[in-house]
Every structure is written in C-alpha cells, then in structure tokens.
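Asker:
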Amino acid sequence: MDLRYSPEEQEFRGEVREFFRSVLPREIRDKVALGRLPSRDDIVRWQRILNARGWAVTQWAPEWGGTGWDTVRQYIFREEMYLADAPEPLSTNVTLVGPVVIAFGNEQQKRHFLPRIANVDMFFCQGFSEPEAGSDLAALRTRAVRDGDQYIVTGQKLWTSYAHQADWMFCLVRTDESARKQDGISYLLIDMASKGVTVKPVMTLDGGHHVNEVFLNDVQVPVTNRIGEENRGWHYAKFLLGNERILTGRIGLSKSRLRRARDLAARVPAGGSTLAASHAFREKAAALEVELKALEITTLRVLDEVRRQTGTAQDPKISILKIKGSELAQATAELLLEVAGPHALPRQEDWASGADVACIGPEWAATAAPNYLYLRAATIFGGSSEIQRNIVAKNILGI
Amino acid sequence: MDLRYSPEEQEFRGEVREFFRSVLPREIRDKVALGRLPSRDDIVRWQRILNARGWAVTQWAPEWGGTGWDTVRQYIFREEMYLADAPEPLSTNVTLVGPVVIAFGNEQQKRHFLPRIANVDMFFCQGFSEPEAGSDLAALRTRAVRDGDQYIVTGQKLWTSYAHQADWMFCLVRTDESARKQDGISYLLIDMASKGVTVKPVMTLDGGHHVNEVFLNDVQVPVTNRIGEENRGWHYAKFLLGNERILTGRIGLSKSRLRRARDLAARVPAGGSTLAASHAFREKAAALEVELKALEITTLRVLDEVRRQTGTAQDPKISILKIKGSELAQATAELLLEVAGPHALPRQEDWASGADVACIGPEWAATAAPNYLYLRAATIFGGSSEIQRNIVAKNILGI
Amino acid sequence: MDFSLNKEQTMIKDAVERLMHRHYTFAQRDTYARGAAGWSEAMWQRYSEVGLLGLFDSDVGGPVEAMIVMEAFGHSLVLEPFLAAVLLCGRAVQRAGGGSHAELLQDIAAGRLLMAFAHTEPSSRYELSRVATRATCKDRRWILSGAKSAIMHGDCARRLLVSARVAGEPADPSGIGLFLIDAGSAGVRRTGYTTQDGLRAADLVLDRVEVVAADVLGPPGAMFPLIQELADVAIAATAAEAVGAMQALHDMTVAYLKTRRQFGVAIGTFQALQHRCVDMLVELEQARSMALYAAMMASEPDARSRSAAMSAVKVQITKSSRYVAQQAIQLHGGIGMTTEYAASHYFLRLMAMQARFGDGAHHLNALASIDGREVLPAA
Amino acid sequence: MDFSLNKEQTMIKDAVERLMHRHYTFAQRDTYARGAAGWSEAMWQRYSEVGLLGLFDSDVGGPVEAMIVMEAFGHSLVLEPFLAAVLLCGRAVQRAGGGSHAELLQDIAAGRLLMAFAHTEPSSRYELSRVATRATCKDRRWILSGAKSAIMHGDCARRLLVSARVAGEPADPSGIGLFLIDAGSAGVRRTGYTTQDGLRAADLVLDRVEVVAADVLGPPGAMFPLIQELADVAIAATAAEAVGAMQALHDMTVAYLKTRRQFGVAIGTFQALQHRCVDMLVELEQARSMALYAAMMASEPDARSRSAAMSAVKVQITKSSRYVAQQAIQLHGGIGMTTEYAASHYFLRLMAMQARFGDGAHHLNALASIDGREVLPAA
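Residue numbers (the working numbering), protein chains in the order written: chain A, 1 to 399; chain B, 1001 to 1399; chain C, 2001 to 2379; chain D, 3001 to 3379.
1) Check distances from the C-beta atoms of the segment 315–347 of chain A to those of chain C and list, in chain order, the residues that come in under 7 Å.
2) Is Arg3091 of chain D close to chain A, meaning its C-beta is less than 8 Å from at least one C-beta of that chain?
3) Here's the rule I'm using: 16 or more other beta-carbon atoms within 10 Å means buried, otherwise exposed. How should His3021 of chain D be labelled?
4) Curious, which full-length alpha helix (DSSP H) runs of at least 4 residues does the segment 3008–3069 of chain D contain?
5) Check each candidate in C:Thr2195, C:Ile2176, C:Ser2344 and name the one with the smallest Cα separation from Ile2151 of chain C.
6) What did DSSP end up calling Val3078 of chain D once you bin it into helix, strand or coil?
7) How far does the beta strand (DSSP E) with Met3152 of chain D in it extend, from its first residue to its last?
8) Residues of chain C with a CB under 9 Å from the CB of Arg36 of chain A: which are they?
9) By a C-beta neighbour count over all protein chains shown, 10 Å radius and 16 as the cutoff for buried, is Glu3103 of chain D buried or exposed?
10) Mapping DSSP to helix, strand and coil, what is Cys1359 of chain B?
11) Would you call the segment 1054–1071 of chain B in contact with the segment 1143–1162 of chain B, where contact means no fewer than 3 C-beta pairs closer than 8 Å?
12) I want to verify the contact list: residues of chain D whose CB lies under 9 Å from the CB of Ala2361 of chain C, in sequence order.
13) Could you list which residues in chain D have their beta carbon closer than 7 Å to that of Thr1299 of chain B, in chain order?
14) Short of 8 Å in beta carbon distance, which residues of its chain neighbour Ser3305 of chain D, apart from the five on each side in sequence? Order them along the chain.
15) Using a Cβ-Cβ cut-off of 8 Å, state whether Ala2368 of chain C counts as contacting chain D.
16) What number of angstroms, rounded off, separates the C-alpha of Thr1058 of chain B from the C-alpha of Gln1047 of chain B?
17) Among A:Tyr151, A:Ala266, A:Cys171, which residue has its Cα nearest to the Cα of Pro222 of chain A?
18) Would you list the residues sitting across from Arg2165 of chain C in a DSSP beta bridge?
19) Could you please tell me which residues of the segment 3274–3292 of chain D, in chain order, have their CB closer than 7 Å to any CB of chain C?
20) What would DSSP say about Ile2370 of chain C, mapped onto helix, strand or coil?
21) Find the nearest neighbour of Phe1381 of chain B within the set B:Asn1051, B:Glu1327, B:Gly1361, B:Glu1334, judged by alpha-carbon distance.
22) 8 Å is my cut-off, CB to CB: does Lys3258 of chain D come that close to chain A?
23) Is it the case that the Cβ atoms of Val2086 of chain C and Ile2108 of chain C are separated by a distance below 8 Å?
24) For Trp1168 of chain B, which three-state DSSP category applies?
25) Beta carbons nearer than 7 Å to chain A: which residues of the segment 3056–3067 of chain D have them?
26) Taking a cut of 8 Å between CB atoms, which residues from the segment 3108–3137 of chain D lie near chain B?
27) Please check if any C-beta of chain B sits within less than 8 Å of the C-beta of Thr2269 of chain C.
28) Shorter than 8 Å from the beta carbon of Glu1229 of chain B to some beta carbon of chain A?
29) Going by CA-CA distance only, name the one from C:Arg2158, C:Ser2320, C:Trp2044 that's closest to Ser2185 of chain C.
30) Ignoring anything shorter than 4 residues or poking outside the segment 1295–1340 of chain B, list the alpha helix (DSSP H) runs there in chain order.
31) Note down the Cα distance separating Ala3037 of chain D from Ser1384 of chain B, rounded to an integer number of angstroms.
32) Looking at Ala286 of chain A: is its Cβ nearer than 8 Å to the Cβ of Ala3231 of chain D?
33) Taking C-alpha atoms, which residue in A:Asn106, A:Leu114, A:His343 lies nearest to Trp168 of chain A?
34) Put His2119 of chain C into one of helix, strand or coil per three-state DSSP.
35) Quick check on the burial criterion: 16 or more other C-beta atoms within 10 angstroms. Buried or exposed for Val101 of chain A?
36) Should Thr2120 of chain C be labelled buried (16 or more other beta-carbon atoms within 10 Å of its own) or exposed?
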C-alpha cells in the first residue's frame, strides 16, 4: 500500500499541467475561470486542440483514439484540466455516446461515427429523459416503429442539454410496447437536421439556456443508426452509467471553486478586516477541503479497484461519489455565493452566458449566483440523490 | 398582537421565581444543577413541597387541585422551574395518569386516587411499551382476561421508567383479541405489590438505571381499577398525548443547559485563552440560542391557541415541538459534552445516579457524558422523531 | 402575550390578501415583471388606495402591520418598491425630517413620490457604518461624491435618500449624514438593472452633487442610529416576506408531491420525501416565530437589544429559507429548475434576500461578538 | 498510488482477524471487561505471539500495519492497552531512547512490560504543549512534581512515560522533557478508573518523584516534536479504530432493520430509514478514506504538514463517528439504548475517542489557523 502518487504519475501530472498551460486559449480559460459558459465554438475549438494532441477521448479503447492511461492517470488528467480552468471535453460525445458505439456498435458504425465524435464533427446531445420519465427513466414513451429500413420516431424528450447546439442526438426509444418496461427500449442515433425534429428552449433558474425540450414528430431514422440489438438499449445505457458516475463527482472542479473562494475572500471586507481573515469563513473553507480530500481518496480507491479489476461499476461506492460529489459541488458554489455577497445580486444572464456585454459590478462576482443556481441540478439530473440512495439501499440492505 | 409578557405575567414570574428560590432544598438543587439524578426520596419530598403550596398539579382541574392558570402561566411556571434547577413534578403522576383519571375515572376513583397521585402517596410508572410494540404501540400483547370482578393480566412491559421505584403502574392491556388493534385495549391501574409482578432493571448506555422490564404473570387486578370503559383505553391514552407533547420540548431545560455551557466554557482553556472566548464556540452557542428562542415562540403560539381555544391538540405544530425540542435538548447536551472534553471520560455512573461517592475530576464535568448519553432517548421515547414525522406528513400531505 | 390580530390589523390583512388574490397570480406577476418599470404602477395605486403606502407612519401602522403586508407580499412575490419607498424612506423622512418634510410624506402616502434608500456601497458589504461617500459643506450647501450600489428600486426613484460621511474614518459610526437628492441632479449617474429575484435596483455614482440645507435630514454626522433602525426595520420586513414566500413554496411542494407520479405512484407516498416536507415545515414554523419576534422587537428603543434580536432573526430566516428553498427545488426535481414554473422564482427571492441587510454568517458573527449568558433580550 | 496490501500486511490482517473471530465475541469481551484488569491478559499474550506487540518498531511495521490492527480492534472494541503501550510508548522509547533502552523494547514486544504515556493534564485539554508538571535537576537527578490526567491504561502500567517541563511557560513548545518512572516510585499517587468506553485510565499526582539520568528520554527540553509525533500516531490509530467500529455498527444496524418488525413489516422497508443507512455508509466511506490518508501521512517527516493532515483526519473521523453512532442508536430505537445490546458499546467508544487527542472543534480550529489556498498537503 502506497497512497502517494508514484514518481511516474507525478511526472505525468507535470506534463499534463504544462500542456494545458501552453495550449489552452486565453479567452476560453478566462471564461471558464469566471464561470461564464463557453460557446459552442469554444467547445469545438478546445476539443479539436485536445484531439490534435491525442487527448480528446482519453478513456476510449486505444484503437479508436484512447490513450491507454490507467484510471489514476485519467483522474490526474481531469484534475489538472479543472485546475487549469479548461473546459471539459464534450461529455455527451466523449463519455456518453462514444463508449456505447465502441462497445456495441458494428464495425461500420465505429468507422463512421467515432472519428467524428472525437473531433466533434458531430456534436451530440442526449435524449433520455421525458416529461413523464424523470427519475423513473425506464418509463419513457417515445416510440420508434419499424418501417422497412427506417424507424418512425414520435415522442418528446426533456432536459436535453445542448440540443440547441447539437447536430446529433443519441436517444432511447421504445420499440416494444409489450415487453417489461426495461426490455423494450432501443438506442438510436438521430440526425437533428431530420424532418420532424423541433427544439424548444427551457430556461433554467439561473437564467441560462442549457436544456431543451425536443419534439420528435414522425422522424425517420435509418435502422443502420441503431446501436446494438433492438430492445437492448436500456442495458447499453445502464452498462456505462457506472463509469460516468465516477467522474460526475467533479472533485477537481470543486477544489478549484474552493481555491477561488479563498482567493476572492481576501478582497472582501468583513468585520474591519477581510472575509478571508474571518475565523468562521476559514473553518467553513477548511471543513470543505477536508470533505473534498476524503472524497478524492474515496474516488481514487474506486479507480484503483477498477484498475486492478477487483471492483465493478455496480459498487455502491460509485453512487456515493455522485451523492457526495454533487453535494460538495453545491457547497463550494454556495461558499462562492457567500463571498460574492451583494455583488451577486445583479441578474446578468447574458454576460454569464458568454455574451459580449458590459458586466455590472466586479466580474469575479457576476457568475456566483448563476453557478450556484444551475448547480441545484447536480443533485437532480443524472440520477437524483434520492435515486442514488435507493440504489445503494437496495445493494446494502438487500430489501 | 403583543408578544411581550403582560405586567401580570411578569409579576407572576417573579412570584414563582421567588417561591422556587425560597423552598427548593439546596441538596436537591445542587444535584439537579450538576445533572445528577434525584433519588426517589428527593422526588417525593419535592412534590410534597409543591403540593403544600398547591402547585404540584397545576394543570389539573381546579376541583382536584389544579391552579386554573392559563397555558402561558403554565409555561412560565415550567420555565422558572428549570432555570431554578428544580426537579420536574413527577410526570407519570402529574401529566400522565392524573389527567386520565380526571377525564375518564368515576367519582370513587377520583376521590381515591387523585389526592394520592398529587401527593405521590402513590408513585406511578407507565406500562405502555412492550418488546414487540415500540413505535407501533397499538400492537401490544399483554392480555387481561376477565374473571369475575378481577382481570388476570399476563404479559411483559418494556422501557418502564421508575418501575423499580413505583408503587403503582398505569397500564394498557388487551381485553379483546378480536377487535381492530386499537379497539381492544383497556386502561388499568395495577398495584406493583401484586403477586406476579416482577421488575427487572434495564441498564441504559449512560450506565444509569432509568428503565425496566416488568413481567406480569397472572396478576390479579380488580375491575374497579379499570379507568373508563373496557376496550376504550387506547383512546384515553391518545387523548392526552397532545398536551404532554407541548411540554416535552423542555425548552427551559435546554436554555438552562446552554447557559451552563457558556458559564463553564469560561473555565476551560483553549487556544491560549478560554473556550468561551473561541469564536467557533460562541457561534455554536449563539446559533443554539436562536433556535431555542424560535422554538420558545413556536411553543407560546401553540399555547396561545390552546388558551384561546382556536387550536387543538391535533395541530401538527405540536409534533414540531417534540421533534425540534428533542433535537435541541440533544444539541445543548452535546455542547456541554464538548465543554467537558476529556473531563467527561471517567465513567462514574454511581456518582451520576446520586450515590454518595467521590467524584473523579471536576464535578461540573462529571455528568456531561451521562446526560448526553441518556438524552439520545429523547428522539426515541415518547413517540420517536420518525413517528412524529409520519404524523405530521399524514396531516400535511394527506396521503 | 397575545398572538391575535386586532380589528384594524385583520382589516389590513384581508385587504392585502384580497389584492393579491385578484391581481397577483403568477401570470399577472409575470406581466408586471416584463413591463418597462419591472412592476405595476396600477398595483401601486391600489396599495395607496387601501392605505398601505402610509404605513411608514407610526400613527397608522407599526411593525405588526408591516409584517402582515410583507408576509402577503412574500407569498405573491410582489415586485413593487414598498419596502424601499415606504417602510424605509417614508420612515426615515418621518423620523428625521420632522414637520419640514410633511409634503414629502403626503406624496409618498399618496403614491405620487417614489424614493430609494441609497446607503450601501461597492465596498461596504454588510457593514452599516462603512460609508465612504463624502459630503463636504461649502457655502451652506453640501457637496456629495462617491458611489452607491445595489440600491433597491434605485432605478425608478425620483428622489434618493443618500448616506454620506461628513467626518471620520470609513467605518466610523459617527460622522454620517443623510441627504435628499433628486435622481436627476447634476452629477448623478445611475445604472439600473434587474436583480436575481426580479426586483429592480441601481448603482449610483455621485460626482459633486449639490444638496441645499433644506434637504439635509436631521443633524449631519449623527444619523447612524437612524440608519441602524432602518436596517432593523428592513430585517423585520424581509423576515415576514420570507415567511410568506416559504409558505407558498411549501404548499406548492406538497401539492406537487401529491400529483407527480413516478414508478406508478404519487411521489408523495415515498417516506423520505414526506419527511423532507415535514422538516421544511419545521423550518418554516421556526422562521414564522422569528418573524413574530422581529415584529415585537422592531419597536424596542434600546438599539443594542433591537439589533441583537434582528441578528437572531436574520440567522433563523437565512437558515430556514435556505433549507426550504433548496429542498423545494430538489423535491420538484427537473421542473423546479425551470423559470416557467413558479417554484424557481420563490427560490430566487429567498436567495436574494440573504444578500440584503447582512447574510446569516454576518449576523451570526454579530451575535457571537456579544458577551453574556444570553445574547438575546428576553421576550 | 496503490491501495493493495502486500503479503506481510495481508498476513497481519488475517492473523488479527482470526484472533478477533475466535476470542473476541461480544460475550467474551464482556468477560474480559468484568475482570479485575478490565482486559484480557491472555489476549495480550496472543498479540505478542503473533508479533503485534512489536509493531512500534519501524522495521517491523509502519502506519499501514498499525492501521490494519487498529481497524480490526475497533471492529471488536478491543480493551487491551495496545495503543498506549505499543504504538505510543514503544515508539517513543525506540525513537528517543536509541540503543540504551533496548531491553525495555524487548520487554514491550514480549508482552512483559506495560507502559503508559502520561502526558495530558487536568488543565491542558487538547493543547499538546500545555505542560505544567515541572522537572527540576538536582544532583544529576530530576525531580518531577505535578498532575496528569486521563492517562490511557495508566492504571495497569508498570512504567510511565511522563512529560514534564524543564523550562519555559506552561504552553511553550520548547522546554518539555520525557521521563521514565516506575509506577510504584515514591511520590506517585494514582487513581485508576474505567472510561466511558470501557477502557481503563488513571489520574496521577506526582509529588517530588525522582528520576535517574538513565531514565531521561532524549535531550530534556527538546521533546515536543516527539510528543507531537506521538499525538499524530495516536490520531492515525484511532482513525482506523473508528472505521472498524463504524463498520461493525453499520452492519449491525442494517441487520437490525432487516429483522425488526413494526406495523407488520420489517422496518428496513421504510425509505426514510433506508436513506439514513445510506448516509451512514457515505460517512463511513469518507472516514475510511481519511484513515488511509492518515496512514499515508503518519510517516511524513515535515511536522507541520503531518499535523495538518492529522487535524483533517480528526475532523472527518469526528464528523463521521458522530453521525454513524447517533443514527445507529436512533435506528435501533429503544434496544440501542441498552447496554445489553452491542450497539451502545460502539456508541460509547466512538464518543470517547472524540475527547482524546483533540476533538473535532479543536482540529477544525487548527486547520482554520493555517494560511494558504489549500491547508492540506497534497496527496
């Protein structure tokens, strides 16, 4: 047992850090550092910079562009990415659809889609949730009816991040009404330019446009765009959830937020000195740092088990990473909100969304509220904390 | 609306305060102040002092010795009692069995029992819970079979406070096996000296002897000791629960504990000064004081509604008093434990139980742990916090 | 000790609730918010008609009346500048101006004059005595220079009540004056904007703004006690507003749990969610008690006791608001995240309140700085 | 980065767990606790036989080995003086005594000698450098006078490792020495007692106790760094112990929820209780991670980094222990309150630990006193 990073791992960290330092465009970095949303162009540009270095799809199988790094290196890469204020690689492409195509797509699909996914020549969004299928995802009702070599897809998706920017959507649809609800679902790739696809923005409480309703009205989807077998889509989607959740803790991002809160607190007056000198603030920050440290080690334990193949994606610890990671993301955002104080009051959704407008009050405080607000979704989307607790309870209680 | 105490109420407070100051025996006060258990003799002695003044059974109907005070005065009386470090009047007698006899007993029972209950000539314990009937109290299985003018009672009671000191037990027993579980229960008064009654101590995690198992083996109970109608006992017991819960918050006691924690923190070294000077400690104490103030007003709101007969004992706010009151009792006890620090380590259950033995370490710290420990029961006994939440949920959600 | 309302109070309550019921549905509110002013001039006239705009006057209404109105306003997330113009500026003018500003007061009560309280500054955060704006006296006029920020409804106010330092260091309680200026005066630059909770506000830059002697409120240099009183009035008012908002949010959440179905049942049948609703109610009732305490203590003449009480109020209100608002969104799930649904707007109001008149951390710190076996005055 | 155990570590783990399985059921433990010593001499010999009593020796075992043993001990609530005699005193003698105390070390490892670390005092609370016991040098002998309290297993120790001040003010880190005294020496008065968690302890009064030069450990006046190291070792050890205890308590609670029936069903079917169990698990896993962090950082040579890390460990362990222990009792209901049932004993151990080597508030305060963008050393 040696819980220190090995010299090789430390060297790797240095290499990654230097890479981010040298190639991350300054205007993108500044946006991310200030908590403003990168534009679609920023996302694509950054992903292509990573792809050019061979680091866009690090977790993929090496034959499709993956780096072959073990889980600990993947973690280091992510952590440095957050600390460098770099945007994440586009998660719908990299973490969600790519691995499904690799695992369950046929040769032709892999050759066609994977390079385009890696380079964001196709910008994907995820069509899973529906108005009546939120926490109970398998209750989805969007239907796909076979018609020759096409599916005719009709239904409605909700909470679809990036749908207004995406070229493609990977989508769960019901192909068998008579089966048990998990067993009649298929996994389709849908071209957003298809006739019958309508995207309607859903504005969230931060004032941002992150998510959408997507209406599918007799949309024709070639059967060749189905990944894997008909009616097995639920199992494909579920198969990869574990791996996704390991990263959803986003500890590096929370650490970076905490660091930022401490830096900024030194600028904020309080009690004749600064907020950074207030003991109560310092205890709050220290308590968060402790919890983040603990969660970081919990994460590394899971990653180490995955690396040594002694663990599985069904390990309840993975739900713990999601539960605790989302709480700490919210807590660090709330600390930043506290630091911003009255400077967080002006509502300036355009500025936060990256538009080229003047900022009211100090820039460092202008996204404290929208980030705090949008992060309320961290414990709701991607399997709510209540659902995670149900999963863990089932696994540990066996009831 | 005037939320200040009226001049008459303040005068009343002064009178009560002076009374406690002048008549509370010093050795009893010292025990209570140090968190040690009063003995049976202390309890009886104190109750008789109150009774001599006419203040032992303040909430009872005036014809049976009550004072006729309104609910706000009852509250002031209790608060001053706690702040004076006086023991409570014996709750089993005063709050639990007495009001049931008054409401549902016949004339003869009232004349016989009430004066003895008020003066603790009969020391009562409560025989409600059973091993298989805890939160699900109505599932009790102790049977009473009619045999002429006797009941033959057989069964087992658990968590019976004071059973080892009591002369009498008021007891719920099943008299009809065939009815719905709440409808086959009767309310009996049982002489603890009866043949077939065995008391076995149950030691609790504080090391104290507070509760017992009571085995009832073919115990003969005269039918004249049944209060009210046969099979209506559950409803009698339930009828009075609301009134009891209003007081179970014991805010005065928590306030007194908080005051004590602040006083003692001034004696405890920390960070080159005292714990009382530590900002973190001061914030913790202040936060508790705020919550106690809020709960006090919530309590007074309920009492005011009861006084003006616009409220009922079914008001979900009453469960809130129990939920929050027990949490604050625990939180203040935990703060005292923190103040005591390493001085709380010696286990000296005899000293805490009032025995005449030497105390290890400072006396002020010696009961911090036992009090904290026994108060873990505050959220379990008398309707657990979970049960209270179920009750409120039913009332507000209507599901 | 009496928690009942008297006849006049009951009438005010009924009147406000009737106005809200008729004119302040979520859809109507949305229309007002989208208007140029960001609130409804028609509503303002209605408030005036039922006498609400004169509630700064202690002969007409005290803290209990303010509480009644603010609770109803919180319940409907009212957008109009009642707190800023009436409770704060009206009161300030009445308390400090004496008879000389009777006309101002009539105009306020009649709904003809909007004022705003321009006290907070870009670097003052929550410290009431931190005033860097300077007022210097020259030929019987005062010249004001400095910056003010996050002035509630400062964008629409015709007159501004500005605090400025006539002497002393930036955080000195003594040496602060209050000045009335026209928003259109030379040297006033203001930037109006919408705040997170849909209210309007403004930042001001004052560059050698002239004030005549008649527009000086009270003795310059000695106005800190009044400023502190106004802050305490504001805390009491927002406490009631928060209670109204929390009540509405709790009701909404309970209703949602009864109707939303997942896994084949109403999600209100899940015990974990039920218990969360109960804990929200506990927090709400604790907050309500502290709003009552605030109403009681707002007229306390001893400034130290009053401010300590208001700190306690803010601590509880912040804690309760945070829990109730966060859980309401969580229990609503995705729908709670959208601005189409009312819950998010309640969340925003409850969040924004925390950054006005001192947040929970600020006030807990204030309480912790008081010595004593108890830090709160007795009820 | 590697979380796996090597072969020797796996062997130690198996050996300890085998001992616990065979000889440390709850009933057996109860017998040991009721014995005169309050623990089992036979177990002590068994520990010696499998080599555990030599684990102070850095050639034999490091922090990981200590963690393995302490976790198993926590799981069974072991009563023997392993932490006091082996991890603390053994280590202290080895680190400071050099070769001159080789015999002592052999005796410790063989189970022939029990020692206790007499450092804390009635007024020291959690401040490591607050030592009022005085040592004065006279004719090449040291004379010790003062009082020590809450000395873990100080009642049975034959020799005591006593800290005393040779110079400086009461809280001065410099000026502290470590002295070996026989428990039976003239001038030693000790009061033994049981602690809340069933361990034994003693308070000591030292009245002009003489110590010969050979029994002085290291350079007198410069022993604070070693004391700090011992405190850090103790924190790492109790972290592992707490994890073992929490794991046992969590398992016990889950098992109870499956069997206890109320309202006609197993109470484990109630979602609110299920979720509580999950939150306990979250806290347990967070604590386990920090116990691993402690094992890693215990050998960190930089004292500041090491102590900061241990403060973080104690903060997390305290938080987790508190939650897991309190919820375990709550979920057990009445049965959890009784000493007949094992849960209460776990509660007591987890509670008592908090008052040893600094509670959560003390260590959070320590962390908050460190400046920097991060206060913890990187992993």
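Cβ atoms here follow ideal geometry from the backbone N, Cα and C, with glycine treated the same way.
Answerer: Taking the geometry as given:
1) Those residues of the segment 315–347 of chain A that come within reach of chain C (Cβ to Cβ, closer than 7 Å) are Glu338, Gly341, Pro342, Ala344, Leu345, Pro346, Arg347.
2) Position 91 of the fourth sequence, counting from 1, holds the residue named residue 3091 of chain D. Residue contact check for Arg3091 of chain D against chain A: no CB pair falls below 8 Å.
3) The count along the fourth sequence starts at 1 and reaches residue 3021 of chain D at position 21. His3021 of chain D sits exposed, since fewer than 16 C-beta atoms from the chains shown fall within 10 Å of its C-beta.
4) Assignment of alpha helix (DSSP H) within the segment 3008–3069 of chain D, counting only whole runs of 4 or more residues, yields 3026–3034, 3041–3049 in chain order.
5) Residue numbering aside, residue 2151 of chain C sits at position 151 when the third sequence is read from its first letter. It is C:Thr2195.
6) On the fourth sequence, residue 3078 of chain D is found 78 positions in, with the first residue counted as 1. It is coil, neither helix nor strand.
7) Within the fourth sequence, the letter at position 152 stands for residue 3152 of chain D. Unbroken beta strand (DSSP E) run through Met3152 of chain D: 3141–3152.
8) Your numbering for residue 36 of chain A matches position 36 in the first sequence. Residues of chain C passing the Cβ test: none, with the nearest at roughly 16 Å.
9) Position 103 of the fourth sequence, counting from 1, holds the residue named residue 3103 of chain D. Result: exposed.
10) In the second sequence, counting from the first residue as 1, residue 1359 of chain B sits at position 359. If DSSP states are grouped into helix, strand and coil, Cys1359 of chain B belongs with coil.
11) Three or more Cβ pairs closer than 8 Å define a contact, and the segment 1054–1071 of chain B falls short of that threshold against the segment 1143–1162 of chain B.
12) Counted from its first residue, the third sequence places residue 2361 of chain C at position 361. Residues of chain D passing the Cβ test: none, with the nearest at roughly 14 Å.
13) Here residue 1299 of chain B is taken as the residue at index 299 of the second sequence, counted from 1. Ordered by position in chain D, no residue passes the 7 Å Cβ test against Thr1299 of chain B, which lies about 24 Å from the chain.
14) The sequence position of residue 3305 of chain D within the fourth sequence is 305, counting from 1. Correct list, in chain order: Met3297, Pro3377.
15) Counted from its first residue, the third sequence places residue 2368 of chain C at position 368. At a cut-off of 8 Å between beta-carbon atoms, Ala2368 of chain C makes no contact with chain D.
16) Here residue 1058 of chain B is taken as the residue at index 58 of the second sequence, counted from 1. Here residue 1047 of chain B is taken as the residue at index 47 of the second sequence, counted from 1. Between Thr1058 of chain B and Gln1047 of chain B, the C-alpha separation is close to 12 Å.
17) What you label residue 222 of chain A is simply residue 222 of the first sequence in a count that begins at 1. That would be A:Tyr151, whose Cα lies nearest to the Cα of Pro222 of chain A.
18) Translated into positions along the third sequence, residue 2165 of chain C becomes position 165. For Arg2165 of chain C, which the question treats as bridged, DSSP gives the partners C:Arg2134, C:Ile2176.
19) Those would be His3275, in chain order.
20) Working through the third sequence from its first residue, we reach residue 2370 of chain C at position 370. It is coil, neither helix nor strand.
21) The count along the second sequence starts at 1 and reaches residue 1381 of chain B at position 381. Nearest C-alpha to Phe1381 of chain B: B:Glu1327.
22) Here residue 3258 of chain D refers to the residue found at position 258 of the fourth sequence. Contacts with chain A at 8 Å (Cβ-Cβ) include Lys3258 of chain D.
23) Here the question's residue 2086 of chain C lines up with position 86 in the third sequence. Here the question's residue 2108 of chain C lines up with position 108 in the third sequence. The Cβ atoms of Val2086 of chain C and Ile2108 of chain C sit closer than 8 Å to each other.
24) The residue given as residue 1168 of chain B occupies position 168 in the second sequence. DSSP places Trp1168 of chain B in strand when its eight states are reduced to three.
25) Interface annotation for the segment 3056–3067 of chain D against chain A: Val3064, criterion Cβ-Cβ distance under 7 Å.
26) Listed in sequence order: Thr3120, Pro3122, Ser3123, Ser3124, Arg3125, Tyr3126, Glu3127, Arg3130.
27) As a position in the third sequence, residue 2269 of chain C is number 269, starting the count at 1. Using a Cβ-Cβ cut-off of 8 Å, Thr2269 of chain C counts as an interface residue toward chain B, since at least one Cβ of chain B sits closer than that to its own.
28) As a first step, residue 1229 of chain B is located in the second sequence; it is residue number 229 there, counting from the start. Not closer than 8 Å to any Cβ of chain A, the Cβ of Glu1229 of chain B fails to qualify, so no.
29) For the purposes of this step, residue 2185 of chain C is taken as the residue at position 185 of the third sequence. When only C-alpha atoms are compared, the closest one is C:Arg2158.
30) Runs found: 1316–1340.
31) Position 37 of the fourth sequence holds residue 3037 of chain D. Position 384 of the second sequence holds residue 1384 of chain B. Their Cα atoms are separated by approximately 39 Å.
32) In the first sequence, residue 286 of chain A corresponds to position 286, counting from 1. In the fourth sequence, residue 3231 of chain D corresponds to position 231, counting from 1. No, Cβ-Cβ distance for Ala286 of chain A and Ala3231 of chain D is not below 8 Å.
33) Indexing the first sequence from 1 puts residue 168 of chain A at position 168. Taking only the C-alpha atoms, the option nearest Trp168 of chain A is A:Leu114.
34) As a first step, residue 2119 of chain C must be located in the third sequence, where it is residue number 119. Looking at His2119 of chain C - three-state DSSP - the assignment turns out to be coil, as it is neither helix nor strand.
35) Here residue 101 of chain A is taken as the residue at index 101 of the first sequence, counted from 1. Buried: at least 16 other Cβ atoms inside 10 Å.
36) Taking the third sequence and counting its residues from 1, one reaches residue 2120 of chain C at position 120. So Thr2120 of chain C counts as buried.
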